[in-house]
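Below: the structure, in structure tokens.
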Amino acid sequence: MEIAPHEILDIEAIRRDFPILDQVVNGRQLVYFDNAATTQKPLPVLKALAGYYEGYNANIHRGIHALAEKATSAFELSRRAIQQFLNAAHVEEIIFTYGTTDGINLVAQTYGRRFLNTGDEIIITTMEHHSNIVPWQMLCEEKGCVLKVIPIDDNGDLILEEYEKLLSERTKFVSVVHVSNAMGIINPVKTIIEKAHAVGAKVLIDGAQASSHIDIDVQDLDTDFYVFSAHKLYGPTGMGALYGKRDVLDSMPPWRGGGEMIKEVTFEKTTYNDLPYKFEAGTPNIADVIATYTALEYINNLGKKNLAAYEHSLLEYATEALKDIEGLRIIGQGAEKISVVSFVIDGIHHQDTGVILDQQGIAVRTGHHCTQPLMRRFNITGTTRASFAVYNTKEEIDRLVQGLHRVRKMML
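Mapping the sequence shown onto the UniProt record's numbering, position 16 (from 1) lands on 16, and the numbers just tick up by one.
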């Protein structure tokens with residue numbers, strides 16, 4: 001007999017790892033359904049942050065004293081953990097960044113500036129977050145490149161036939177989100193990568209939403225770049241990573257100049273450090289890098305497949321339960337999704353929905369979710385988005401449904 005996800009994971013024990021959940025908001029027990037914006041942090045991660053500052057706060061790599069050596073060891077241990085998390089071939093293919101946005105900008109401003117020229121084409125999708133649109137627009141303005149966009153159908157799925165029509169010998173770069181932050185739809189990125197490579201284009205995958213839900217194997221995907229943020233997988237804010245194939249990273253110039261990214265500096269010439277350090281100028285976000293190791297360990301201990309199965313059960317339950325809300329329409333009903341439900345209710349502005357839910361202690365995200373072109377595709381200004389994590393429950397979803405009935409009663 002198949003074991004249900006909630007029987008594998010002790011959800012109540014997991015909830016006790018997240019002290020922020022044990023609070024009252026507006027007179028009601030908090031329900032946190034804004035996980036696509038940022039996940040909450042478990043006690044081991046909080047303790048890792050405090051442990052660094054209380055026990056071995058020191059700058060890394062250039063110190064020979066005991067605290068510096070301990071900090072450096074913990075810092076580099078996190079890099080190896082990310083290598084394993086992504087199944088990268090080499091540890092030096094992992095570059096620490098300040099998050100997904102920072103990683104995309106690094107690639108656009110280094111690889112893009114060096115290798116893209118007037119008339120070259122860059123392909124993105126209709127569902128991209130602004131952080132995977134604006135950097136490429138900026139590059140196009142500077143270099144004279146052309147930005148092309150893969151359309152989506154009414155369910156929110158990419159129209160791959162149209163993608164194939166966009167590809168040509170002029171295509172030099174493809175940058176695509178793995179999972180839509182606004183809809184939760186999972187894109188067929190392996191197929192997208194294969195087709196881009198067939199015309200000689202490089203590919204970047206935005207894994208911000210995928211990283212905590214999907215097993216990621218960059219070697220199997222054969223992607224040239226992969227980026228993600230720690231704060232969406234139970235880790236700290238201000239920390240992320242860029243994976244890049246070693247030969248591609250070697251071909252790229254540094255982005256920021258300063259300490260750490262150099263070998264030798266004279267007034268006549270500077271020689272740059274080896275990978276990964278040539279892309280890590282200055283004192284990094286040491287504490288948050290170290291705590292990211294603990295966040296990955298937390299996920300690995302629970303088992304990502306267990307997490308995905310449990311969260312999918314929440315998605316299915318919520319999708320069915322929301323059918324009881326008259327006038328509610330889910331935006332993004334693609335074939336494959338993670339645990340995100342984005343919706344509109346006829347006659348009610350999404351901001352009003354969010355305010356009334358907050359009055360009942362329910363935290364959701366409202367607005368365009370930094371995907372304004374996607375909202376225009378559906379002819380809406382924004383949605384209400386409920387996104388689920390491992391510490392959420394079906395009972396909380398029941399409260400969301402009750403809250404939405406109250407929204408309709410108050411607004412219509």
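Glycine included, every Cβ here is placed at the ideal spot set by N, Cα and C.
In the structure shown, Thr-118 falls within a coil segment according to DSSP collapsed to helix, strand and coil. Going by C-alpha positions, His-213 is about 22 Å away from Pro-19. In the pairwise beta carbon analysis, the region 194 to 201 is classified as not touching the region 149 to 156: fewer than three pairs are separated by under 8 Å.
If you check the CB distance, Asp-288 and Leu-49 come in under 9 Å.
If you look at Arg-408, you'll find it isn't in any beta strand (DSSP E); it sits in the alpha helix (DSSP H) that goes 394 to 411. If you draw a 10 Å sphere on the C-beta of Asp-224, you find 16 or more other C-beta atoms in it, and that means buried.
With at least 16 other beta carbons inside 10 angstroms of its own, Met-239 counts as buried. The continuous beta strand (DSSP E) containing Ile-150 extends over residues 146 to 150. Short of 7 Å from the beta carbon of Pro-253, and not among the five residues preceding or following it, lie these beta carbons of its own chain, in chain order: Thr-110, Arg-114. Look at the beta carbons and you see the region 353 to 365 not touching the region 317 to 327: under three pairs across the two are nearer than 8 Å. Under the three-pair Cβ rule at 8 Å, the region 202 to 221 does not count as touching the region 48 to 68. When the five nearest sequence neighbours on each side are left out, the beta carbons in the same chain lying within less than 8 Å of the beta carbon of Asn-26 are those of Asp-358, Gln-359, Gln-360, Gly-361, in order along the chain. The beta carbons of Ile-95 and Tyr-310 sit no closer together than 9 Å.
With respect to Cys-145, Glu-162 sits apart: the two C-beta atoms are not nearer than 9 Å. Residue pairing by DSSP places Ile-262 opposite Tyr-272 in a beta bridge. Within the region 183 to 216, the complete alpha helix (DSSP H) segments of 4 residues or longer fall at 189 to 198, listed in chain order.
Residue range 304 to 321 is occupied by the alpha helix (DSSP H) that includes Ser-313. The DSSP-derived three-state label of Gly-235 is coil. Taking the Cβ atoms as the reference, Tyr-243 lies roughly 5 Å from Val-218, within the contact range of under 8 Å.
The three-state secondary structure of Tyr-391, taken from DSSP, is coil. The straight-line gap separating the alpha-carbon atoms of Ala-66 and Gly-282 is approximately 21 Å.
Less than 9 Å separates the beta-carbon of Leu-275 from that of Leu-249. Glu-142 has its alpha-carbon roughly 51 Å from the corresponding atom of Asp-398. Taken atom to atom, the span from the alpha-carbon of Leu-147 to that of Asp-102 is near 20 Å. Bridge partners of Leu-86 according to DSSP: none are assigned. C-alpha of Phe-33 to C-alpha of Ile-123: approximately 32 Å in a straight line. Leu-302 sits buried, since 16 or more C-beta atoms from the chains shown fall within 10 Å of its C-beta. DSSP places Leu-296 within a helical segment (H, G or I) once states are collapsed to three. In this structure, the straight-line span from the alpha carbon of Ser-73 to that of Arg-256 is close to 24 Å. According to the DSSP assignment, Val-344 belongs to the beta strand (DSSP E) that extends over 340 to 345. When secondary structure is reduced to three states using DSSP, Asp-34 falls in the strand class.
Per DSSP, Leu-242 lies in no alpha helix (DSSP H) segment; the continuous beta strand (DSSP E) that holds it begins and ends at 240 to 244. The continuous beta strand (DSSP E) containing Val-227 extends over residues 225 to 229. Taking a cut-off of 8 Å for Cβ pairs, the region 377 to 386 and the region 332 to 352 touch, as three or more such pairs fall below it.
Looking at Thr-126, Val-134, Ile-133, Leu-116, the one whose alpha-carbon comes closest to that of Glu-169 is Leu-116. Burial state of Asn-300 is exposed, judged by a 10 Å Cβ sphere holding fewer than 16 other Cβ atoms.
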